[in-house]
Amino acid sequence: MTLSLKISAVDLNVIKTMQFEPSTIVYDACRVIRERIPDENPGNPTEYGLFLADEDPKKGVWLEQGRSLEYYLLRNGDLLEYKRKHRILKVRTLDGVLKTLQVDDSHTVGSLMITICTRMGITNHEEYSLVRDLPEDEKEKTLTLKRDKSIAKDQKRLEEMKKKLHTDDELNWLDHSKTLREQDIDPNEVLLLRRKFFYSDQNVDARDPVQLNLLYVQSRDAILNGTHPVSMEKAIQFGGLQCQVQFGDHVDSKHKPGFLDLKEFLPKEYIKLKGIEKKIFGEHQKFVGLSEVEAKVKYTQFCRSLKTYGITFFLVKEKMKGKNKLVPRLLGITKESVVRVDEKTKEIMKTWPLTTVRRWAASPNSFTLDFGDYSDTYYSVQTTEGEQISQLIAGYIDIILRKKKAKDHLGIEGDENSTMYEENVQAGQATIIQHNMGNIKHPSSGNVSMPGLLRDGYQGENKISVGSLHGQVSSQSNQGKTIQTKELTQAQRAFIVTITEGLDAIDTAQDNLNRSQICLVLAMIQPLRNGERISWTCPDKKWGPSYRP
15 MTLSLKISAV DLNVIKTMQF EPSTIVYDAC RVIRERIPDE NPGNPTEYGL FLADEDPKKG
75 VWLEQGRSLE YYLLRNGDLL EYKRKHRILK VRTLDGVLKT LQVDDSHTVG SLMITICTRM
135 GITNHEEYSL VRDLPEDEKE KTLTLKRDKS IAKDQKRLEE MKKKLHTDDE LNWLDHSKTL
195 REQDIDPNEV LLLRRKFFYS DQNVDARDPV QLNLLYVQSR DAILNGTHPV SMEKAIQFGG
255 LQCQVQFGDH VDSKHKPGFL DLKEFLPKEY IKLKGIEKKI FGEHQKFVGL SEVEAKVKYT
315 QFCRSLKTYG ITFFLVKEKM KGKNKLVPRL LGITKESVVR VDEKTKEIMK TWPLTTVRRW
375 AASPNSFTLD FGDYSDTYYS VQTTEGEQIS QLIAGYIDII LRKKKAKDHL GIEGDENSTM
435 YEENVQAGQA TIIQHNMGNI KHPSSGNVSM PGLLRDGYQG ENKISVGSLH GQVSSQSNQG
495 KTIQTKELTQ AQRAFIVTIT EGLDAIDTAQ DNLNRSQICL VLAMIQPLRN GERISWTCPD
555 KKWGPSYRP
């Protein structure tokens, strides 16, 4: 039974009806289409694919090359579009650089991050993500607690606190498991590239200027908008370093009060303090001689010392002990732990290591953590950010496991496919004699074989080398000799006995085979005497021909 499908060649604006076997692979179907429509796809065939359209553009599906047509439950008369998979994607970084890229529309955002970060010169793509940079009125539509007259006053206060505390709720992160089309991203829309996971950022330094600049800008903005609360002294220090980055060395005739736009150098709570700009320039003078890159390195180093650095905050409500009342609280996620943070001072109240998290569950209005044996009760909060919190925890765990797997793999210089060379050496007793200047010690005995590491090596012929260990003893005046030996463990001795017995069995079998061959040769060349074959037997096996005609 064949499947009759309408194929729309989008580039040629042509529709043809074609017959396919339901078990046909999508890759083969594309090849058939190219053969039947010669003018179609003059370029690279890999840039084209089959698209199952829907009335809702977000619900259309790209057919995977390795799947069969019947996998998508296609019916006779269904329309498939044969068109280019590539689309335009505009990405802006925090430092204002705008990149226009050509990406595969059939890939998920998670897969596209590899391409995007590679084009940007970023190596650890798994720590970055894309944010929809929406206008303020559009942001209000996407916030989890919508603003309307029906919202209670405490919920409105919660929304105001979110804006003030700059929680992760105000960022519209794209879903890595969906495509750009499924998330209704227009080709002309500009997406913002940001670091989402702070895992390997401590390794970013002057050797990686691209990531250093992105980390500097993101850290600077977090200090200025209050995500990282700092004291006045630290704010002045950060302001002085920022001056060194932007203006270079301090110049007395140029850098005077009135020169700076303070809202770009200080958190808003310190802008109106008297004499604050003069203090910033005083701090600026301390960094004379630092290059722009060196100043950025020092700025990010200072940032890492902040107690809130690397924490992603979510504003939640938790139940007060002994009271049936919910109070606002900040829930923070880092690469190492889950933390409860005071919503006013951002002081850490409690820390749970990420390794103690056994399970978590997200619902539309709550989020629950299970710490297994590390806690007697579950930690549950009221929030509409449950799915975002869940994705962040899962993302950190995924990065940790991926890095651990990369460290644990076997092979020469990190190549798992490398062949390991193993040399089997017969264990034997040995005496090691070494010289020790002017210090005569008592001898002790032992064996040179030490516990080793057995690994699967090259699956080919194995060689067993049998030999002896040779030592050389030399004497020197006024020197003592220290004899050091080490005894084998019981397991090692048993292992050596097994090997020795196996070798002896091989030698015995070889001798028996040799004697049997000699007896057989003698039987074949034995001459006839008086028309009779002389009877004989093999001395060891007690057998031989006894036939007489």
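Going by my numbering, the sequence shown opens with residue 15, and the numbers climb by one from there.
We put the beta carbon where it would ideally sit given N, CA and C, even for glycine.
- Taken through DSSP and simplified to helix, strand or coil, Ala23 comes out as strand.
- When DSSP states are grouped into helix, strand and coil, Leu255 belongs to the helix group.
- DSSP lists Phe381 as the bridge partner or partners of Ala376.
- The C-alpha of Lys20 lies about 30 Å from the C-alpha of Leu126.
- In the same chain as Ile407, and ignoring 5 residues on each side of it, the C-beta atoms closer than 8 Å to its own belong to Ile347, Val352, Leu368, Val371 and Trp374, in chain order.
- Fully contained in the stretch 176 to 218 are the following beta strand (DSSP E) runs of length 3 or more, in chain order: 204 to 209.
- Shown here, Gln79 sits in coil according to DSSP, grouped into three states, outside any helix or strand.
- Separation of Ile520 and Arg507 (C-alpha to C-alpha, rounded to the nearest whole angstrom) is 20 Å.
- Note: Met32 is bridge-paired with Leu19 in the DSSP secondary-structure output.
- Excluding sequence positions up to five before and after Thr114, its CB lies within less than 6 Å of the CB of Lys104, all in the same chain and listed in chain order.
- Per the DSSP secondary-structure output, Pro342 pairs in a beta bridge with Lys331.
- Note on geometry: alpha-carbon atoms of Pro281 and Lys360 lie some 16 Å from one another.
- If you check the CB distance, Leu185 and Leu83 do not come in under 9 Å.
- Spatial neighbours of Asp68 in its own chain (CB-CB distance under 8 Å, excluding positions within 5 residues in sequence) are listed in chain order as Gly74 and Val75.
- Rounded to whole angstroms, the Cβ separation of His190 and Thr122 is 6 Å, and the two are in contact under 8 Å.
- Spatial neighbours of Met134 in its own chain (CB-CB distance under 8 Å, excluding positions within 5 residues in sequence) are listed in chain order as Val105, Thr107, Lys113, Leu207 and Val224.
- Exposure of Glu61 is indicated by the presence of fewer than 16 other C-beta atoms within 10 angstroms of its C-beta.
- Between Glu308 and Ser394, the CB-CB gap reaches or exceeds 9 Å.
- A distance below 6 Å between beta-carbons, with the five flanking residues on each side excluded, links Asp384 to the following residues of its chain, in chain order: Arg372, Arg373 and Tyr392.
- Taking a cut-off of 8 Å for Cβ pairs, the stretch 274 to 290 and the stretch 247 to 258 touch, as three or more such pairs fall below it.
- Ile136 sits buried, since 16 or more C-beta atoms from the chains shown fall within 10 Å of its C-beta.
- In summary, Thr503 is exposed, with fewer than 16 beta-carbon neighbours lying within 10 Å of its beta-carbon over all protein chains present.
- Its Cα nearest to that of Ser245, the residue Ile285 stands out among Glu306, Ile285 and Pro201.
- In summary, Ile199 is buried, with 16 or more beta-carbon neighbours lying within 10 Å of its beta-carbon over all protein chains present.
- Counting the other CB atoms within 10 Å of its CB gives Thr193 a total of 16 or more, which places it among the buried residues.
- Around the beta carbon of Ile29, fewer than 16 other beta carbons sit within 10 angstroms, so the residue counts as exposed.
- Linking Phe34 to Asn202 through their CA atoms gives a straight-line distance of about 37 Å.
- Between Asp25 and Lys97, the beta carbon gap of about 7 Å places them in contact (Cβ cut-off 8 Å).
- Arg209 sits close to Leu229, with the two beta carbons spaced by under 9 Å.
- Less than 9 Å divides the Cβ of Lys248 from the Cβ of Leu320.
- Remark: C-beta atoms of Leu344 and Asp356 approach each other more closely than 9 Å.
- Annotation for His269: Phe295 place their beta carbon closer than 6 Å to its own, counting only its chain and skipping 5 residues before and after.
- Rounded to whole angstroms, the gap between the alpha carbons of Phe381 and Ile403 is 8 Å.
- Straight-line spacing of the CA atoms in His298 and Gln258 works out to 6 Å.
- For Ile413, the closest of Phe211, Glu278 and Gln116 by C-alpha to C-alpha distance is Phe211.
- Under the three-state reduction of DSSP output, Val105 falls in the strand class.
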